[in-house]
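Student: Take a look at this one; I'll ask things after.
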Amino acid sequence: DIQMTQSPSFLSASVGDRVTINCKASQNINKYLNWYQQKLGEAPKRLIYNTNNLQTGIPSRFSGSGSGTDYTLTISSLQPEDFATYFCLQHNSFPLTFGSGTKLEIK
Amino acid sequence: EVQLVETGGGLVQPGRSLKLSCVASGFTFNNYWMSWTRQAPGKGLEWVASITNSGGSTYYPDSVKGRFTISRDNAQNTLYLQMNSLRSEDTATYYCTREGAYWGQGTLVTVSS
Numbered sequence: 709d710i711q712m713t714q715s716p717s718f719l720s721a722s723v724g725d726r727v728t729i730n731c732k733a734s735q736n737i738n739k740y741l742n743w744y745q746q747k748l749g750e751a752p753k754r755l756i757y758n759t760n761n762l763q764t765g766i767p768s769r770f771s772g773s774g775s776g777t778d779y780t781l782t783i784s785s786l787q788p789e790d791f792a793t794y795f796c797l798q799h800n801s802f803p804l805t806f807g808s809g810t811k812l813e814i815k
Numbered sequence: 002e003v004q005l006v007e008t009g010g011g012l013v014q015p016g017r018s019l020k021l022s023c024v025a026s027g028f029t030f031n032n033y034w035m036s037w038t039r040q041a042p043g044k045g046l047e048w049v050a051s052i053t054n055s056g057g058s059t060y061y062p063d064s065v066k067g068r069f070t071i072s073r074d075n076a077q078n079t080l081y082l083q084m085n086s087l088r089s090e091d092t093a094t095y096y097c098t099r100e101g102a103y104w105g106q107g108t109l110v111t112v113s114s
């Protein structure tokens with residue numbers, strides 16, 4: 709099984725900050741990596757698919773990068789509505805596996 | 002507009018069964034793989050099952066293999082999850098997803114005596 713190690717678990721930042729969240733796979737996942745945002749009481753929402761493709765309707769301040777085993781979600785300028793929990797998902801092979809999540813909080 | 006509506010959750014005793022349903026609309030259901038993903042209270046996300054668009058192949062993690070069965074009725078635009086031999090650790094909100102891109106609102110399953 710592919711393990712996804714997501715970091716950091718918690719992140720405190722201010723509106724306007726640039727933040728990065730990382731996911732490291734235990735083996736090459738060939739860029740089959742999605743990023744999700746989840747707000748309290750809501751279903752996850754896909755932000756980025758296949759490493760760097762922005763989901764329709766998602767603001768361009770969100771971007772993704774990476775290859776092989778290392779992947780990054782970047783939010784270029786934090787907005788108040790971005791404070792949430794973020795998860796990565798590898799869909800290169802079964803079983804599909806998620807990162808443990810990053811809770812982004814207001815400083 | 003893509004909509005996925007899950008039903009069937011509730012309180013069930015350990016060892017018993019429950020069947021979840023997900024009605025899809027707003028897209029051609031039989032063109033897409035479908036999946037179930039769950040989230041225990043206050044925890045992360047765990048993939049539970051996937052099924053090909055025809056229903057001919059299914060996939061499960063070891064944690065539910067042999068106890069859960071994913072199926073679909075393409076004529077009724079409905080996805081199912083039959084859950085048998087339920088355990089307390091199966092307590093979670095269960096989400097229906099279309100290839101990870103669209104998610105339903107979830108249905109809560111609580112396994113407790």
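These protein sequence lines map, in sequence, to chains A and B. The first sequence begins at 709 in our numbering and counts up by one. The second sequence begins at 2 in our numbering and counts up by one. A virtual CB, placed ideally from N, CA and C, is assigned to each residue, including glycine.
Do you know offhand how far cysteine 117 of chain B's Cα is from tryptophan 37 of chain B's?
Tutor: Within the shown structure, residues of chain B are numbered from 2 to 114, placing residue 117 of chain B beyond reach of any answer.
Student: Please list, in chain order, the chain B residues whose beta carbon lies closer than 7 Å to that of serine 808 of chain A.
Tutor: Result: Gly45.
Student: Which whole-angstrom value describes the C-beta separation of glutamine 763 of chain A and tyrosine 794 of chain A, a residue pair presumed to lie in contact below a C-beta threshold of 8 Å?
Tutor: Contact flag wrong, Cβ pair sits at about 13 Å.
Student: So, do the stretch 729 to 743 of chain A and the stretch 753 to 768 of chain A have three or more beta carbon pairs nearer to each other than 8 Å?
Tutor: In short, these stretches touch, since the Cβ pair count reaches three.
Student: Check each residue of the stretch 88 to 112 of chain B: if its Cβ is closer than 7 Å to any Cβ of chain A, include it; give the result in chain order.
Tutor: Listed in sequence order: Tyr96, Gly101, Ala102, Trp104, Gly105, Gln106, Gly107.
Student: Only counting the same chain, and skipping five residues up and downstream in sequence, which positions put a Cβ closer than 6 Å to that of asparagine 85 of chain B?
Tutor: Once the five neighbours on either side are set aside, the close Cβ partners of asparagine 85 of chain B are Ser18, Arg68.
Student: For glutamine 77 of chain B, which option in B/Gln40, B/Val24, B/Leu87 has the closest C-alpha, if you only look at C-alpha atoms?
Tutor: The shortest Cα separation from glutamine 77 of chain B among B/Gln40, B/Val24, B/Leu87 belongs to B/Val24.
Student: Less than 9 Å separating the beta-carbons of leucine 812 of chain A and leucine 748 of chain A?
Tutor: No.
Student: Helix, strand or coil, according to DSSP, for phenylalanine 30 of chain B in the structure here?
Tutor: Looking at phenylalanine 30 of chain B - three-state DSSP - the assignment turns out to be helix.
Student: Could you check which residue in A/Ile729, A/Phe770, A/Leu786, A/Glu750 has the C-alpha nearest to that of tryptophan 104 of chain B?
Tutor: Ranking the options by Cα distance to tryptophan 104 of chain B, first place goes to A/Glu750.
Student: Using the three-state DSSP reduction, which class does serine 720 of chain A fall into: helix, strand or coil?
Tutor: If DSSP states are grouped into helix, strand and coil, serine 720 of chain A belongs with the strands.
Student: Based on the DSSP secondary-structure assignment, which residues constitute the bridge partners of glutamine 77 of chain B?
Tutor: Note: glutamine 77 of chain B sits in no beta bridge, so no partner.
Student: Let me confirm a value: valine 3 of chain B is counted as buried when at least 16 other C-beta atoms fall within 10 Å, else exposed. Which label applies?
Tutor: Exposed, by the Cβ-count rule.
Student: If you drop the 5 nearest sequence neighbours on each side, which residues of the same chain put their C-beta closer than 7 Å to that of glycine 107 of chain B?
Tutor: If we look at glycine 107 of chain B and ignore the five residues flanking it on each side, its Cβ neighbours are Glu7, Thr94, Tyr95, Tyr96.
Student: Using a cut-off of 7 Å between C-beta atoms, extract the partners of leucine 804 of chain A located in chain B.
Tutor: Under the 7 Å cutoff, chain B gives Trp48.
Student: Measuring only the C-alpha atoms, how far is asparagine 54 of chain B from phenylalanine 802 of chain A?
Tutor: Their Cα atoms are separated by approximately 17 Å.
Student: Using a 10 Å radius around the Cβ and a threshold of 16 neighbouring Cβ atoms, would you call threonine 713 of chain A buried or exposed?
Tutor: It is exposed - the Cβ of threonine 713 of chain A has fewer than 16 other Cβ atoms within 10 Å.
Student: Is leucine 781 of chain A buried or exposed, if buried means 16 or more other CB atoms sit within 10 Å of its CB?
Tutor: Buried: at least 16 other Cβ atoms inside 10 Å.
Student: Can you tell me which of A/His799, A/Ile814, A/Gly765 puts its alpha carbon nearest to the alpha carbon of glutamine 735 of chain A?
Tutor: Per the Cα distances, A/His799.
Student: Comparing alpha-carbon positions, which option in A/Tyr779, A/Ser768, A/Lys815, A/Lys739 lies nearest proline 788 of chain A?
Tutor: When each option's Cα is compared against that of proline 788 of chain A, the closest is A/Lys815.
Student: Hey, leucine 797 of chain A and phenylalanine 806 of chain A: beta-carbon distance below 9 Å or not?
Tutor: Yes; because the gap between Cβ atoms is below 9 Å, this pair is in contact.
Student: Answer with yes or no whether the minimum CB distance from alanine 721 of chain A to chain B is below 9 Å.
Tutor: For alanine 721 of chain A, the answer is no, since every Cβ of chain B falls outside 9 Å of its Cβ.
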